[in-house]
Structures are given as C-alpha cells and as structure tokens.
Amino acid sequence: MFVGGEFYADTRWQVDRMAISTDGMIFLNGGKACLIVISECLLEHGISKILLPSYLCPTIVNTLEGCGLICDYYPVRADLSIDLNELARKAAHHRAVYFINYFGFRHSAVVREYLVGLRQQGVMVVEDNAQAGFVEKSIGDFVFNSMRKLVPYDGGYLVTSYDVTPYIKRHQGCPNRRLPVIRLYRKRLGDYLFEGIGGRGEMEGLYEQAEHDYETDPVVEGDPQERWQIEHLDWQAIRQVRRENYRYLLGLIAEIPGVTPIFPALQEENMPMGLPVYVSRVPRDWLFDELGNAGIGLTVHWDDLLRDPRLNEDAVAVDMASRMLTLVIDQRTSHRQMDYLAENLASGIRNYGMSVNVPGKNEPFTFEQ
Ligand SMILES: Cc1ncc(COP(=O)(O)O)c(C=O)c1O
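Residue numbers for the sequence shown follow my numbering, beginning at 10 and rising by one.
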C-alpha cells in the first residue's frame, strides 16, 4: 500500500461548473509569484524590511531577499501560536509584518485583533494562506495561497487592494519551463502508482527538474489551463473530506505514545493541509524513514530550516523543526490508508531499537514543500 507522497493527476474532484468564486482575486503562478509581487509592491512603497515569523519555510526568505527585502523575525511558540509581546516589541520597528496560518489553522482572536490593529496603524500586513487555501475571513493587506500544497495544480491567488498590475506586467513573458515537466510528472506518477507503469528514476528526474525550474525562474503570471482546472474542482467536497479525515486520524493516533498533535481540534470551517504532530520517544528522522520504507510518504515542515543559518539560531524553531512530522489527511486518502499509517506509526515507535532502517523499493514520492 502507498500513502501520501506527491499529488498525482486525479480527475476525481473535477466538476463541470465553476466551483469557487474567485472574484477580486488575482491568479498567479504560485505562492512564490505572489511573494514576488508583494515584495515589489512593498519596495515601491518605500518599505525595505519585513518582519517574519521565526518558524517558516526558508524558500519564503529566499524569495523575499531575492527581491531585495531585508528580513527580521519574531518568535513563534511550539504550538505555532505567536508570542504577542515579542511581536509587538519588534513590530514597533517595522512597517511590514508577515504571518502564516499554519497547516490551515487561524490564529487566536486576540492575535487577529492585534494584526488588524497593526494594519489600522499603517503597517502592511501579509497573510500567508499557502497552507490554508481559500480563507473567508482574511485580514491582511496582502493575502495569498498556494494551490500545489493542496491539489495537483500550480497557482496562487492574491487578494489586495493595492494596484499590483505594474509588478505583474514587469514579469510577463517569462517562459514557464516547470509547467510541462510537472504536468508530465503528475501524470506519470498516477500511471506508476495505479498501473505500475514507468520507473522511479525517470520520475525523480522529472520532479527535480520541475522544482529546479520553479526555484530558478521568476514566473509570475498564472497559467489559464491550471486556473481552469483549479476553479473546476469541488472545493466544498475537498474541504469536507480533509476535515473528516483529520478527525478520523486524530482518533486513530490518540493512544499512540510519542505522537502529539499540534492542533488537537479542527476550527470552524477551516481546511487542514495535514495533521502535524510532534514525535517524541524516537528520533523523528528515523520514524520518517521507517514509514517511507513502508510506502508512507510524509512531509517535514520544514526540515531545511535546520540547515539554514538565517533561521537556525532560534533554539525553539530548531527544536520544532527537529520533532515535527506532517501526517496525511488530504482528499486522496482513504480510511484504509490512514489505518495503515496509524498502525505503522505505532509499530515503528514500539519497535524502535529492534529494527534497522533499510531503504526499501517501496519508498514513496515525497519532497518538502
Ligand atoms: C507557508 C508557505 N508560504 C509560501 C510558500 C511558497 O509557496 P509556493 O510553493 O507556491 O511557491 C510556501 C512553500 O513552501 C510555504 O510553505
């Protein structure tokens, strides 16, 4: 059995009608494209520094710095909540503040009120919904998401009242080298998993090429075909299945010692990206590999933080990145697959010290995003 891994081409969620209203949203190539546009807009408004949470994906910093912004950080606690006192202390020296709705979960009402207050004082607030998808009650001056975290399509929607057309136009015509490669990869991955067609080497090569192109090319414009596909997905059903899966898996792991969910309950209406847990008793990386050998492809958000000198001086963030593991609950995942995941989690932890990790042919396709 396989569980998790990268998204493969999947027509199951397609519907004939337009299934989501994207009025007032600007469709771009992905989260990175949104970050480029936001950075250029901030710079144009004379803002050259931005205050970020200490727990984040280093690629965000790469993009912001690549555009010319200077990054500073405020602390995030192990439960992914924001230390408001520290944020307030630091925010006094900044005109732009960034926050992330981690794994699709909103911050507390107090934090949100504080951020709204910052905005009223003229601070530019960037709301990162890369892991949250389409969020109804957003509060930022700039609000964006990333589709590839949730479905097998590329794109990111940006909402802002600033006129960002000049920054989008600036990048028009940049060829999208990634798109044909990732489309082929997503198709081949489905063929491989369900029909046994193709080989791992070819697919790994395609994925690496696609990621390399994504990181290298400053593509901003979104692709109309990807957009059409995204807007003809049954988002209502996707949300429901993710929420139902989240609850189901939460129940399955409740009694497993050494696995502690970071968000022990869903929020009203939120769409979880995954079920993040802290692993204790056994080394997280060992467990990750052990599950990989059983065909279970999980993700670590964000392993690269550990090796990034801009981020790895924060002891709390390093501890979080060393123990966190994101379990899969996405729309593809069946109860049987989650049963298998929970069984392997429990047996892995129970048998730690008795088995030796041997990279197996079952290793899933999973990469950090
Ligand atoms: C929280 C968060 N924001 C933004 C991004 C960038 O999104 P994209 O991968 O669509 O460029 C990422 C990517 O990992 C992310 O994790």
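Where a beta carbon is used, it is the ideal one built from N, C-alpha and C, also for glycine.
The model shown is predicted, which means the values in this text are computed figures rather than measured ones.
request  = Out of N185, P161, V229 and L193, state which residue places its alpha-carbon closest to the alpha-carbon of Y176.
outcome  = V229
request  = With a threshold of 16 other CB atoms inside 10 Å of the CB of P285, please say whether the residue is buried or exposed.
outcome  = buried
query = Using the rule of at least 16 other Cβ atoms within 10 Å of the residue's Cβ for burial, across every protein chain shown, is G77 buried or exposed?
reply = Per the 10 Å Cβ criterion, exposed.
inquiry  = At a cut-off of 8 Å, would you count Q238 as near ligand 1, judging by its Cβ distance to the nearest heavy atom?
reply    = no
task = Could you tell me the distance, in whole angstroms, from the CA atom of K370 to the CA atom of N302?
result = Any reading at K370 must be qualified, since the residue scores a pLDDT of 46, below 50, and its modelled position is unreliable; the value itself is stated next. Approximately 7 Å, taken between the alpha carbons.
ask   = Smallest Cα separation from R345: which of I59, L258 and D226?
value = L258
message = For M156, tell me which candidate among Q276, Q140 and E322 has the shortest Cα-Cα distance.
response = Q140
task = Starting from V46, trace the alpha helix (DSSP H) both ways and give me its first and last residue.
result = DSSP places V46 inside the alpha helix (DSSP H), whose first and last residues are G40 to E53.
request  = May I ask which residues mark the beginning and end of the beta strand (DSSP E) holding A105?
outcome  = A105 to I109
key: Backbone CA spacing between P266 and Y361 [nearest angstrom]   = Roughly 12 Å between the two C-alpha positions.
inquiry  = Would F108 and V120 be called neighbours here (beta carbons separated by less than 9 Å)?
reply    = yes
query = Taking the DSSP output, what are the residues bridged to D379?
reply = Coverage of the chain is limited to positions 10 through 378, which leaves residue 379 absent and any answer about it impossible.
task = State the beta-bridge partners of T269 as determined by DSSP.
result = Y287
request  = Quick one: measure Cβ to Cβ for N38 and D172, integer angstroms, because I've assumed they're closer than 8 Å.
outcome  = With a Cβ gap of about 19 Å, N38 and D172 do not count as contacting.
query = When the distance is taken between beta carbons, is A97 closer than 9 Å to V134?
reply = no
inquiry  = Once DSSP output is grouped into helix, strand and coil, what is the label at G165?
reply    = In the structure shown, G165 falls within a strand segment according to DSSP collapsed to helix, strand and coil.
ask   = Which residues in the same chain have their Cβ closer than 7 Å to the Cβ of T31, if we skip the five residues on either side of it in sequence?
value = Y166 and E240
Buried/exposed call for N94, threshold 16 Cβ in 10 Å = exposed
task = Use the C-beta contact count for W311: other C-beta atoms within 10 angstroms, 16 or more gives buried, fewer gives exposed.
result = Buried is the call here.
task = Identify, in the order they occur along the chain, each residue of the same chain with its Cβ nearer than 6 Å to the Cβ of R187, setting aside the five sequence neighbours on each side.
result = A219, D222 and Y223
request  = Give the secondary structure of F143 by DSSP, where H, G and I count as helix, E and B as strand, and everything else as coil.
outcome  = Correct three-state label for F143: coil.
CB-CB length for P183 against D226, believed under 8 Å = With the sequence shown as reference, residue 183 is identified as Cys, and Pro is not the correct amino acid for it. Indeed, because the Cβ distance is near 6 Å, the residues count as touching under 8 Å.
message = Please classify F203 as buried or exposed, where buried requires at least 16 neighbouring CB atoms within 10 angstroms.
response = exposed
message = Assuming contact is defined by CB atoms lying nearer than 9 Å, are A87 and Y216 in contact in what I supplied?
response = no
Length of the line joining the Cα atoms of N254 and V12 = 13 Å
ask   = Should I358 go down as buried or exposed, given a rule of 16 or more other Cβ atoms within 10 Å for buried?
value = buried
request  = Using only the heavy atoms of ligand 1, determine whether one of them is closer than 8 Å to the beta carbon of Y162.
outcome  = Result no, Cβ not under 8 Å from ligand 1.
query = Once you ignore the five residues that flank A18 on each side, which residues in its own chain have a CB closer than 7 Å to its CB?
reply = Closer than 7 Å at the Cβ level, and outside the excluded window around A18, lie P161, R195, K196 and G199.
request  = Could you check the C-alpha separation between R4 and D92 for me, to the nearest Å?
outcome  = The requested residue 4 does not occur in the structure, where the chain is confined to residues 10 to 378.
task = Quick one: grab the DSSP three-state call for F36.
result = strand
ask   = By DSSP, does P62 sit in helix, in strand, or in coil?
value = Three-state result, P62: strand.
query = Going by DSSP, which residues form a beta bridge with I79?
reply = K58
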